[in-house]
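Following our numbering, the numbering of the sequence shown begins with 2 at its first residue and continues without gaps.
A virtual CB, placed ideally from N, CA and C, is assigned to each residue, including glycine.
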Amino acid sequence: GVIYLISADPNVDEDPDDEEFLKESLHRGFVLGFGKIGFCFLLGIFLPLFLATGLVRDEMEKGTLHYLMGKPIARAEILAYRLLGYLTMVWPYVVVLVLLTSIVTGFLAPGDQLFRFNDMAIWLGIIFATCLVMAAYGTIFCTLGVISPRFGIWIAIVLGVWEFAMAMLSLGAPTFPLTWLSVSHWGIEIINCSSGIAYPDMNLMIATASQINWGSEVVLTGFYHPPSVVQNNAFVSLLISVAILALFTVGSLFIGQASLKRKELN
Numbered sequence: 002g003v004i005y006l007i008s009a010d011p012n013v014d015e016d017p018d019d020e021e022f023l024k025e026s027l028h029r030g031f032v033l034g035f036g037k038i039g040f041c042f043l044l045g046i047f048l049p050l051f052l053a054t055g056l057v058r059d060e061m062e063k064g065t066l067h068y069l070m071g072k073p074i075a076r077a078e079i080l081a082y083r084l085l086g087y088l089t090m091v092w093p094y095v096v097v098l099v100l101l102t103s104i105v106t107g108f109l110a111p112g113d114q115l116f117r118f119n120d121m122a123i124w125l126g127i128i129f130a131t132c133l134v135m136a137a138y139g140t141i142f143c144t145l146g147v148i149s150p151r152f153g154i155w156i157a158i159v160l161g162v163w164e165f166a167m168a169m170l171s172l173g174a175p176t177f178p179l180t181w182l183s184v185s186h187w188g189i190e191i192i193n194c195s196s197g198i199a200y201p202d203m204n205l206m207i208a209t210a211s212q213i214n215w216g217s218e219v220v221l222t223g224f225y226h227p228p229s230v231v232q233n234n235a236f237v238s239l240l241i242s243v244a245i246l247a248l249f250t251v252g253s254l255f256i257g258q259a260s261l262k263r264k265e266l267n
């Protein structure tokens, strides 16, 4: 016996454009997938593999390291300076490459604005993650070359296969404990945290796409996961991920320096 009157809110779009929603979800999936696989993993591991493994090993094999040892400089400093030279070469290259990609996608991406400035937060996270991953891989591969000049490159390749498997596993199951032992997992985790900050409505978009069955939720869930270290806290998870990657880098540097100090040059 009670009559209710339901009035529509004129400030709410109750019938959103399906095509715009689909383009937005595919764009976010592209940014995350390209950032995680193209930049953070592929560039992050292949550049160090080919450039950092022989930083000191080649000097030892060619015999030119003897001349450096005759200078009033510690062996540990030689390794550190080699790594600094490697980073000053690869970091600007990655920064420029990611920024160019962000500019192109910013103008071509869907939206009402001429340029999508809100995407810059995720692109900066991709730059930050890639640079940290390249520092960690570069130090690890260089240390392997110092420890075993003959087999260091082969050990690095095996490690690269392991990291590839952990990266693929981190994309599907980031909470799996085994992935926490890899460098690639923490780089991907930084991008997840950055995407959570840049796109706070990501979970809502995934839930909406799943209910409508457009298929775009497959792209989003394939490349996006909430922070796995500290649930519902992207900032703390980001700090922890940065600290662990720094620990990988510093720990490998100390091991490489200790090995170079004890190394007898023929």
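- Query: Cα-Cα, which of Ile156, Lys24 and Leu248 is closest to Leu133?
  - Reply: In the sequence shown, counting from the first residue as 1, residue 133 sits at position 132. For Leu133, the closest C-alpha among the options Ile156, Lys24 and Leu248 is that of Leu248.
**Asked** By Cβ distance below 7 Å, which residues in the same chain neighbour Trp187 in space, the five residues on each side in sequence not counted?
**Response** Numbered from 1 along the sequence shown, position 186 holds the residue referred to as residue 187. Around Trp187: Ser242, Ile245 and Leu246.
On the three-state DSSP scale, how would you describe Asp10? Translated into the one-based positions of the sequence shown, residue 10 becomes position 9. Correct three-state label for Asp10: coil.
List in chain order: all unbroken alpha helix (DSSP H) runs of 4+ residues lying wholly within the region 91 to 160. Within the region 91 to 160, the runs of alpha helix (DSSP H) that reach at least 4 residues and sit entirely inside it are, in chain order, 121 to 148.
Curious, which full-length alpha helix (DSSP H) runs of at least 4 residues does the region 25 to 54 contain?
Taking only runs of at least 4 residues, the alpha helix (DSSP H) segments lying wholly in the region 25 to 54 are 45 to 52.
_Three CB pairs or more closer than 8 Å across the region 121 to 128 and the region 197 to 208_ = Three or more pairs of CB atoms, one per stretch, sit closer than 8 Å, so the region 121 to 128 contacts the region 197 to 208.
_Check whether the region 89 to 102 and the region 39 to 51 are in contact - that is, three or more C-beta pairs closer than 8 Å._
Short answer: they touch.
Taking 8 Å as the cut-off, decide whether the C-beta atoms of Leu145 and Ile158 are in contact. Position 144 of the sequence shown, counting from 1, holds the residue named residue 145. Position 157 of the sequence shown, counting from 1, holds the residue named residue 158. Remark: C-beta atoms of Leu145 and Ile158 do not approach each other more closely than 8 Å.
* **Same chain only: Cβ atoms within 8 Å of Ile192, ignoring 5 sequence neighbours per side** => Position 191 of the sequence shown, counted from the first residue, corresponds to residue 192. Leu33, Gly36, Lys37, Cys41, Ile123, Gly126, Ile127 and Ala130, listed in sequence order.
Query raised in the report: From Ser171 to Tyr5, what does the alpha carbon distance come to, in whole angstroms?
Result: In the sequence shown, the residue the question calls residue 171 occupies position 170. In the sequence shown, the residue the question calls residue 5 occupies position 4. Cα to Cα, the separation comes out at about 50 Å.
Just mark Arg58 as buried or exposed, buried being the case when its beta carbon has 16 or more other beta carbons within 10 Å.
-> As a position in the sequence shown, residue 58 is number 57, starting the count at 1. Per the 10 Å Cβ criterion, buried.
What does the Cβ neighbour count give for Pro11, buried or exposed, with the cut at 16 atoms within 10 Å? Position 10 of the sequence shown, counting from 1, holds the residue named residue 11. So Pro11 counts as exposed.
message: Can you tell me whether Phe177 is helix, strand or coil according to DSSP?
response: For the purposes of this step, residue 177 is identified with residue 176 of the sequence shown, where counting begins at 1. Here Phe177 sits in coil by DSSP.
message = Along the chain, where does the alpha helix (DSSP H) containing Ser195 start, and where does it finish?
response = Translated into the one-based positions of the sequence shown, residue 195 becomes position 194. For Ser195, the enclosing alpha helix (DSSP H) stretches over residues Val184 to Ala199.
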